[in-house]
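Just so it is clear: in the sequence shown, position 132 is 932 by my numbering, and no numbers are missing.
In what follows, a structure is listed as structure tokens, so that the remarks can point back to it.
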Amino acid sequence: MMETRSALARWHEVAAAGSKPEELAAIMREDAVFLSPVVHTPQKGRPIVVAYLTAAGKTLGNDSFRYVREVVGEGTVVLEFETEMDGILVNGIDMISFDDDGLITEFKVMVRPLKAINKVWEMMAAQLDRQKAAAD
């Protein structure tokens, strides 16, 4: 069984390296679930979770992005982050659950305030459209 802190360290390595799709896929279970602050239904399966996290890395993961707090539990972590997007301060949390092998089973993102949610939705939608167009 992989220890939660080791799994978290792998997440930080992948995120710091730019959230590349192949690296995200390597730390993700096939049946992983992504819960978005702007999409009301859970997004299920490695390909869609990787697509969302790749898009998030490109939109939220700018030079101002930083994790400001970590809470580590057994198999679950809560990471508070801050970033700025088009002059709007975005404050949110990533809640990540890992299986016994250290693979991500669930990734939930919550964002505040409302102005930030609207900006995240706008920029994520545009990034996902670009990714879809590039794949077609």
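All residues carry an ideal CB built from backbone N, CA and C; glycine is no exception.
Fair warning: this is a prediction, and the values are worked out from it, not measured in the lab.
Is residue i near residue j, with beta carbons less than 9 angstroms apart?
i    : j    : result
K932 : I888 : no
T883 : R866 : yes
G892 : R869 : no
T859 : M885 : yes
V744 : F881 : Past the edges of the chain, shown from 801 to 936, lies residue 744, and the structure says nothing about it.
G845 : A832 : yes
For residue i, which option in the options has the closest C-alpha, if you only look at C-alpha atoms?
i    : options                   : result
M775 : L835, E830 and A826       : The chain is shown only over 801 to 936; residue 775 falls outside these bounds and no answer can be derived.
D901 : P913, T876 and A817       : T876
Y852 : E813, P913, E906 and D936 : E906
V838 : A856, E822, P821 and A832 : A856
I904 : E822, K820, E830 and G818 : E830
K908 : V849, A809 and G873       : V849
Quick one: using the 10 Å Cβ neighbour count with 16 as the cut-off for buried, is residue i buried or exposed?
i    : result
L824 : buried
S806 : exposed
S864 : exposed
A926 : exposed
Please state the DSSP three-state secondary structure of residue i.
i    : result
S819 : coil
L860 : coil
S836 : coil
E874 : coil
D929 : helix
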